[in-house]
Amino acid sequence: MMRDAELTRARRVAASLPEPFAEAVDLWIDVLQVQGSRSSPALASGTIYSYVQNAHPTLKSWAESGITDLREITKKDVEAAIMGLPSVRRHSVHPPLRSLFRALRRERKIFRDPARSVSLPIAVKLPSPLPSDRVRGILSRVEDARSQFIVALVAIHALVRNDLPALLLEDLDRSCGQLRVRRPGQLDRVVYLDELTSELATSWLRERYRRWPRTGNPHLWVSRISAVDEAGPRMSTEVTKTVFERVGISARQLRGDRIYDEARHTADPVHLMRLFGLSTGTAMKYITAAHPDKRPDPLRA
1 MMRDAELTRA RRVAASLPEP FAEAVDLWID VLQVQGSRSS PALASGTIYS YVQNAHPTLK
61 SWAESGITDL REITKKDVEA AIMGLPSVRR HSVHPPLRSL FRALRRERKI FRDPARSVSL
121 PIAVKLPSPL PSDRVRGILS RVEDARSQFI VALVAIHALV RNDLPALLLE DLDRSCGQLR
181 VRRPGQLDRV VYLDELTSEL ATSWLRERYR RWPRTGNPHL WVSRISAVDE AGPRMSTEVT
241 KTVFERVGIS ARQLRGDRIY DEARHTADPV HLMRLFGLST GTAMKYITAA HPDKRPDPLR
301 A
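In our numbering, the protein residues as written are 1 to 301.
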C-alpha cells in the first residue's frame, strides 16, 4: 500500500505540470519502474517520488519561462537551473535532472541529453587513510625520509609505484597541500595531501636540499646517482622497488588495500575515480568486492 501511495503521489506531481512536461515525467516514472523499452534496475518507490518532487520546481520554472518542450533545454539551461539554487539544494536536484534526461534520451524522446556533462563542484574530501596504527607500523620499517614519503603516497593516496620517479619538484605545492601526478595520454591527477604525508614531504625536501644543495635535477625524487647527473634523469625504479622490499609488502598490494579500504566506506565508484584517478572499470571492481550485495543503477544519477 505504501509503495502504491508513493507512486500515486509521484504521478500527481507529474500531472500538475503542463503538457508535454507532464507526459515526459510520466514516462520517466515508467522507466524508473522498469516499464520502459529497455530493462534496468528498478528504483524504490520512495526514491522515485523524491526524484520527481525535487525536479518539479525546475520543470515548472522552465514551463513558465515559455519553454514548451524538453527538447529545447540546453546544457546551459540545466547549469543555470542548478547553480541558481542554494548549495544545499543543488545535490538534491542534480541527480533527478540527470536521471530524467537520461531516461528520455534512452526512450528516444529527445535527441541529446543536455544534463549528461553537467557536474557540480564538489568539496575536496581528504582521503581517510588506513588505520593510523597500521600506517605508522609500515612507516617504522623504513627510517629515511625519502622512503617514508614514498610509502605514505602509496599507503595513503594509492599512487602507482612506477609513477613516482616521474614526479617533478614543481608538481608538489606544499602551500596548498597538493601533488600533481602526470600520466601521458591521461588527465593529470591532483592529490590532496593529508597532514602526515605533508609532514613527510617537508622532511624529504629538507633531506634532499641538505644532501644535494646544488643539484639541478628537476625531479622530486633523487638518488646519490641521479642527483649528480647533469642530465637530470629520473631516479631508478629499482630504488622504489627496494623500499617496498624493506617494508615487506609490495606497493601493488599496499595500494590495493588502500583503495579497498576506501571502497568499504562508500558505494560510489565516482568517489573512487576522483580520489584515486581510477578508471570506471577499476572503480567498479573495488565497489563490487567491497559491496557484493550492491549493483550499479545507470538511472540513479
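Where is the CB? At the ideal position from N, CA and C, for every residue including glycine.
CB-CB length for residue i against residue j, believed under 8 Å
{"i": "Ile259", "j": "Tyr286", "result": "5 Å"}
{"i": "Thr280", "j": "Pro269", "result": "7 Å"}
{"i": "His219", "j": "Leu169", "result": "7 Å"}
{"i": "Tyr49", "j": "Arg98", "result": "Not quite, the Cβ-Cβ distance comes to about 17 Å (not below 8 Å), so this is no contact."}
{"i": "Arg208", "j": "Pro165", "result": "Going by Cβ atoms, the distance from Arg208 to Pro165 rounds to 14 Å, so no, they are not a contact pair."}
{"i": "Val142", "j": "Val239", "result": "Incorrect: roughly 12 Å between the Cβ atoms, too far for contact."}
{"i": "Phe149", "j": "Trp204", "result": "4 Å"}
{"i": "Val25", "j": "Gln53", "result": "About 11 Å separates the two Cβ atoms, so there is no contact after all."}
{"i": "Leu159", "j": "Val181", "result": "7 Å"}
{"i": "Leu172", "j": "Ala201", "result": "6 Å"}
{"i": "Lys75", "j": "Ser117", "result": "7 Å"}
{"i": "Ile110", "j": "Arg71", "result": "5 Å"}
{"i": "Thr197", "j": "Leu254", "result": "Contact flag wrong, Cβ pair sits at about 14 Å."}
{"i": "Val151", "j": "Val247", "result": "6 Å"}
Neighbour-count burial assignment, residue i, 16 or more Cβ in a 10 Å radius
{"i": "Asp144", "result": "exposed"}
{"i": "Asn162", "result": "exposed"}
{"i": "Val124", "result": "Because the pLDDT at Val124 is just 46, under 50, the model does not fix this residue reliably, and the value given afterwards should be weighed accordingly. So Val124 counts as exposed."}
{"i": "Met83", "result": "exposed"}
{"i": "His56", "result": "buried"}
{"i": "Arg264", "result": "exposed"}
{"i": "Ala115", "result": "buried"}
{"i": "Arg146", "result": "buried"}
{"i": "Phe21", "result": "buried"}
{"i": "Ala227", "result": "buried"}
{"i": "Ile138", "result": "buried"}
{"i": "Pro127", "result": "Low per-residue confidence applies at Pro127: pLDDT is 48, beneath 50, and the placement is therefore not dependable, though the value from the model is reported in the following sentence. Result: buried."}
{"i": "Thr237", "result": "exposed"}
{"i": "Ala103", "result": "buried"}
{"i": "Ser4", "result": "With the sequence shown as reference, residue 4 is identified as Asp, and Ser is not the correct amino acid for it. So Asp4 counts as exposed."}
{"i": "Ser119", "result": "exposed"}
{"i": "Asp113", "result": "buried"}
Segment limits, alpha helix (DSSP H) that includes residue i
{"i": "Gln148", "result": "145–155"}
{"i": "Val239", "result": "237–247"}
{"i": "Glu79", "result": "75–83"}
{"i": "Ile287", "result": "280–290"}
{"i": "Phe111", "result": "Counting along the chain, Phe111 falls outside any alpha helix (DSSP H), and DSSP gives it neither H nor E."}
{"i": "Pro20", "result": "No alpha helix (DSSP H) contains Pro20, which DSSP labels as neither H nor E."}
Three-state class that DSSP yields for residue i in the structure shown
{"i": "Leu59", "result": "helix"}
{"i": "Val31", "result": "helix"}
{"i": "Leu167", "result": "coil"}
{"i": "Asp69", "result": "coil"}
{"i": "Arg11", "result": "helix"}
{"i": "Asp173", "result": "strand"}
{"i": "Pro86", "result": "coil"}
{"i": "Gly277", "result": "coil"}
{"i": "Ala44", "result": "coil"}
{"i": "Arg105", "result": "helix"}
{"i": "Ala302", "result": "Beyond the ends of the chain as shown, which are 1 and 301, falls residue 302; an answer cannot be given."}
{"i": "Arg255", "result": "helix"}
{"i": "Ser119", "result": "coil"}
{"i": "Val160", "result": "coil"}
{"i": "His91", "result": "helix"}
{"i": "Asp268", "result": "coil"}
{"i": "Arg141", "result": "coil"}
{"i": "Asp261", "result": "helix"}
{"i": "Asp293", "result": "coil"}
{"i": "Val124", "result": "With a pLDDT of 46 at Val124, under the threshold of 50, the modelled position of that residue is not reliable, and no figure is offered here."}
Review point. Curious, which full-length beta strand (DSSP E) runs of at least 3 residues does the segment 176–251 contain?
Key: Qualifying beta strand (DSSP E) stretches, in chain order: 178–181, 189–192.
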